[in-house]
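Asks: Protein chains in written order, with the numbering used here: chain B, 13 to 425; chain R, 13 to 425.
(1) Just how far apart, CA to CA, sit residue 347(R) and residue 312(R)?
(2) Going by DSSP in three states, residue 397(R) sits in which element: helix, strand or coil?
(3) What residues of chain B sit near residue 223(R), judged by a beta carbon separation below 8 Å?
(4) Per DSSP, which residues does residue 205(R) bridge with? Please list them.
(5) For residue 215(B), count neighbouring C-beta atoms within 10 Å of its own C-beta (all shown protein chains included) and say buried if the count is 16 or more, exposed if not.
(6) Roughly how far, in whole angstroms, is the beta-carbon of residue 146(R) from the beta-carbon of residue 95(B), given that I think they are within contact range, below 8 Å?
(7) By the 9 Å beta-carbon criterion, what residues does the stretch 207 to 240 of chain B contribute toward chain R?
(8) Can you tell which of 370(R), 316(R) and 278(R) has the C-alpha that lies nearest to the C-alpha of residue 112(R)?
(9) Which value, in whole angstroms, describes the spacing of the CA atoms of residue 16(R) and residue 352(R)?
(10) Quick one: using the 10 Å Cβ neighbour count with 16 as the cut-off for buried, is residue 338(R) buried or exposed?
(11) According to DSSP, what are the bridge partners of residue 187(R)?
(12) What residue range is occupied by the uninterrupted beta strand (DSSP E) comprising residue 162(B)?
(13) Can you say whether residue 402(B) is buried or exposed, counting buried as having 16 or more other CB atoms within 10 angstroms of its CB?
(14) Helix, strand or coil for residue 280(R), going by three-state DSSP, please let me know.
(15) So residue 141(B) is in the alpha helix (DSSP H); what residue range does that whole segment cover?
(16) Would you grab the beta carbon distance between residue 92(B) and residue 174(B) for me? Rounded to a whole angstrom, and I think it's under 8 Å.
(17) Starting from the Cα of residue 259(R), find the closest Cα among 219(R), 166(R) and 240(R) and give me that residue.
(18) Per the DSSP calculation, residue 210(B) is bridged to which residue(s)?
(19) With a 10 Å radius around its C-beta and 16 neighbouring C-beta atoms as the bar for buried, classify residue 409(B) as buried or exposed.
(20) Can at least three beta-carbon pairs, one atom from the stretch 232 to 244 of chain R and one from the stretch 181 to 198 of chain R, be found at a separation below 8 Å?
(21) Give the secondary structure of residue 153(B) by DSSP, where H, G and I count as helix, E and B as strand, and everything else as coil.
(22) Starting from the beta carbon of residue 97(B), find every residue of chain R whose beta carbon is closer than 9 Å, and list them in chain order.
(23) Quick one, are the C-beta atoms of residue 315(R) and residue 418(R) less than 7 Å apart?
(24) Determine the direct distance from the alpha carbon of residue 306(R) to that of residue 426(B), and round the result to whole angstroms.
(25) Between the stretch 247 to 263 of chain R and the stretch 115 to 132 of chain R, do three or more beta carbon pairs fall short of 8 Å?
(26) Under three-state DSSP, which class holds residue 1(R)?
(27) Under 8 Å by Cβ, that's how I've got residue 324(B) and residue 71(R) pegged, so tell me the actual separation to the nearest angstrom.
(28) Residue 309(R) to residue 322(R), Cα distance in whole Å?
(29) From the DSSP output, which residues share a beta bridge with residue 293(R)?
(30) Can you tell me the Cα-Cα spacing of residue 99(B) and residue 326(B), whole angstroms?
(31) Could you have a look at residue 405(R) and say whether DSSP puts it in helix, strand or coil?
(32) With DSSP as the reference, label residue 104(R) as helix, strand or coil.
(33) Going by beta carbon distance, what residues of the same chain come within less than 6 Å of residue 377(B), once the five residues before and after it are set aside?
(34) Beta-carbon within less than 7 Å of residue 139(R)'s beta-carbon, same chain only, minus the 5 sequence neighbours each way: which residues are those?
(35) In chain order, what residues of the same chain lie with their CB nearer than 6 Å to the CB of residue 379(R), ignoring the 5 residues before and after it?
(36) Throw me the rounded Cβ distance for the residue 169(B) and residue 422(B) pair, which I believe falls under 8 Å.
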């Protein structure tokens, strides 16, 4: 459905056996009106409006093998509850979270950002310096490069879409363009790489190639969905790298260094490298690929025969989502879903499609295409190309099977 | 600055006497590196990531003359802290709030929406029915029609921009298009008006003309910034009417009735009518006008001579913001500000401009223009046209005066 589009009433009415809406006439209307709560004066105002007590929504904290510590081989995740979210913005407190050594407690009055290396004028900034500069605000997804890993290496039919895809979220981020800081320190023209380093105990640090795309789009953020960053997301400063691996979006940012080659930190030699089928590893495979997942119906849900809206999220590190196709017969045939417009570049885009389930076992699948023509691969093609030694950048099509009782399960094709 | 634009480094460097950034070389760099916190393992994961303890941000609750009760002449407000927000999205818990009888505590499992009147098939929906239907998500502002009222009728130089403009906010709302519900109940073609009624104790109810624009854009929302509505914003259901008076965006929505004339509720006869200079009142003046305010520098702030970024928010109920101009000499001359793109229709748009303050007393003003060519009026022209009997739809240009000490004050021209 386009932003002002008209959804299909006929399809909905013809097939809504599960709909609880009832014809209301005469006494039925009076009963409905009598049903509302007593007209008592409600709760008073507050400085912050909290969630309803009836709303149960949260992330799933998942500890790594050794829980949080300074060993870079461990990490902890909190996955966003994609099955319970609507629209495309992720609630700030439910944005997925991953850290290697827990969330540091940083005093913004004491925090500094050092910008140095191959520059004419190294500078140290405090947080207020950055807030005083020209800013950019942009709604983009950030995704952990390990998102989807579970379905690469094992089949667990009890996984929800929060388990399989919950390491991606979309917020509006605000900060200072990297170009602006580069101009301030007068970067040497021969500097083609930048090191970004965090203040966490693990000292996460990544080398970033200074392509035109990155020079034009990266920024040092201090804001998230209108407010200061939350500690879990880098307070007081983080690097935002639209379209690139989550771990490059360095949180608790304390240092940017300019050089002419990568630093080969342990994060790019031991940790975030991609082992290929032939036993060789790829370094600096940084861009997040074209991806999508149906969030409803999805794993562990149960549906009824008749009308079911299929909806989900699509995203690509290459640009805008141009098309999402859905198959309701196990990838034999495909239909184009409606996108919620405008589709923003490098942001999650909501899609939906009317579907009448006939009650017979089947499989539903989504396949996204971005405006650079990149198509999300099926799992077999993806594995044929990449093998099964790798850990990152899994972005194959997600299949949900539905049995004759309507139970939805995660399956691998 | 465009989304990928390049801000003016030269302007910033040449005039940044207040900047705390310092040249860091040799020992200075080492000191900076030594400054960071001890590398202790940080806080563990959680289901929700909360704000930093260092961040103090909240709304201002303002009680009406009689505090909350069921008398429609009273109301209570919580204003959004525009001076402390960044970007264009308002944090969900800081979205402005206005209610006439407090926030009702509604159980979504028991809540119903009755849709009836001049229809062939009156229907009662529960919340799950609506969530199962095709949906639309849209980022739009909602604004209280009384926003800005303070500067119409009195001059208080101690007001902040939160005081003068804090009754407007922007969220991404998700729900069912009104067109879809109209098709389900088979509305009579002769029905040209709709009544929307809330479940609050005051029973706020408004008559809404069914123009093509409203039929195409209105929706019944159950989601806000990705999550279920918060109780203060209508949980479990509210009407969203992009571009129109906040009070039409009926919260705690329980009933939509279709008819062929307005119902003349007390909200449109006694409350939300607009008294003109000639003593006659206008009813159903529903659209919010072209507006803007500089949020920094703004009332009660103090600035220093040299570089100052001017930034603020602009919005229009007619469509997209096309242009924002800023005067730094009391509306004698104007310069075009940079907009953060894309500017979404009927949403707040962030603007900014470089400015060097020479330390002499002056006044700064913003003036917005939308894509329908509507220009925000200056205060004198606005009052010449509308008079001073009215209470609503104040949208004249906001002027901040700056004295020789850099203190910023709210003034009336």
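Each residue gets a CB set at the ideal place from its N, CA and C atoms; glycine is no exception.
Replies: A quick look at the data gives this:
(1) Each residue's alpha carbon lies about 24 Å from the other.
(2) DSSP places residue 397(R) in the helix class (H, G or I) of the three-state scheme.
(3) The contact set of residue 223(R) on chain B, defined by CB atoms closer than 8 Å, is empty, because the minimum CB distance reaches about 13 Å.
(4) In DSSP, residue 205(R) forms a bridge with 221(R) and 271(R).
(5) Under the 10 Å beta carbon count, residue 215(B) is surrounded by 16 or more other beta carbons and is classified as buried.
(6) Going by Cβ atoms, the distance from residue 146(R) to residue 95(B) rounds to 18 Å, so no, they are not a contact pair.
(7) Going along the stretch 207 to 240 of chain B in chain order, one finds 211, 212, 213, 214, 215, 228, 229, 234, 235, 236, 237, 238, 239 and 240 with a Cβ nearer than 9 Å to chain R.
(8) Per the Cα distances, 278(R).
(9) Because residue 16(R) sits at a pLDDT of 35, beneath the cut-off of 50, its placement in the model cannot be relied upon, and the point is left open.
(10) By the 10 Å Cβ count, residue 338(R) comes out buried.
(11) The secondary-structure analysis by DSSP pairs residue 187(R) across a beta bridge with 148(R) and 233(R).
(12) No beta strand (DSSP E) holds residue 162(B); the alpha helix (DSSP H) holding it covers 162 to 165.
(13) Burial check for residue 402(B): the Cβ neighbour count within 10 Å reaches 16 or more, so the residue is buried.
(14) In this structure, residue 280(R) counts as helix in the three-state DSSP scheme.
(15) Run containing residue 141(B): 139 to 143, per the alpha helix (DSSP H) assignment.
(16) Contact holds; Cβ gap of about 7 Å.
(17) Per the Cα distances, 219(R).
(18) The bridge partners DSSP lists for residue 210(B) are 265(B).
(19) Burial check for residue 409(B): the Cβ neighbour count within 10 Å reaches 16 or more, so the residue is buried.
(20) Cβ pair count under 8 Å is three or more, so yes.
(21) DSSP places residue 153(B) in the strand class (E or B) of the three-state scheme.
(22) Listed by position along chain R, the residues whose Cβ is nearer than 9 Å to that of residue 97(B) are 235, 238 and 239.
(23) Closer than 7 Å, so yes.
(24) As displayed, chain B neither begins before 13 nor continues past 425, which places residue 426(B) out of reach and without an answer.
(25) Contact between the stretch 247 to 263 of chain R and the stretch 115 to 132 of chain R is present, because at least three Cβ pairs lie under 8 Å.
(26) This structure cannot speak to residue 1(R), because chain R is shown only from 13 to 425.
(27) 34 Å between Cβ atoms; not a contact.
(28) Straight through space, the alpha carbons of residue 322(R) and residue 309(R) are spaced by roughly 6 Å.
(29) DSSP, once it has assigned bridges, lists 287(R) as partnering residue 293(R).
(30) Distance from the CA of residue 99(B) to the CA of residue 326(B), rounded to the nearest whole angstrom, comes to 12 Å.
(31) In the structure shown, residue 405(R) sits in coil (DSSP, three-state: anything other than H, G, I, E or B).
(32) In the structure shown, residue 104(R) sits in a helix (DSSP, three-state: H, G or I).
(33) Exclusion of the five residues before and after residue 377(B) leaves 339, 343, 409 and 411 as the residues of its chain whose Cβ lies within less than 6 Å of its Cβ.
(34) Closer than 7 Å at the Cβ level, and outside the excluded window around residue 139(R), lie 120, 123, 234, 248 and 249.
(35) The residues are 337, 388 and 409.
(36) Contact between residue 169(B) and residue 422(B) holds: their C-beta atoms lie close to 5 Å from each other, under 8 Å.
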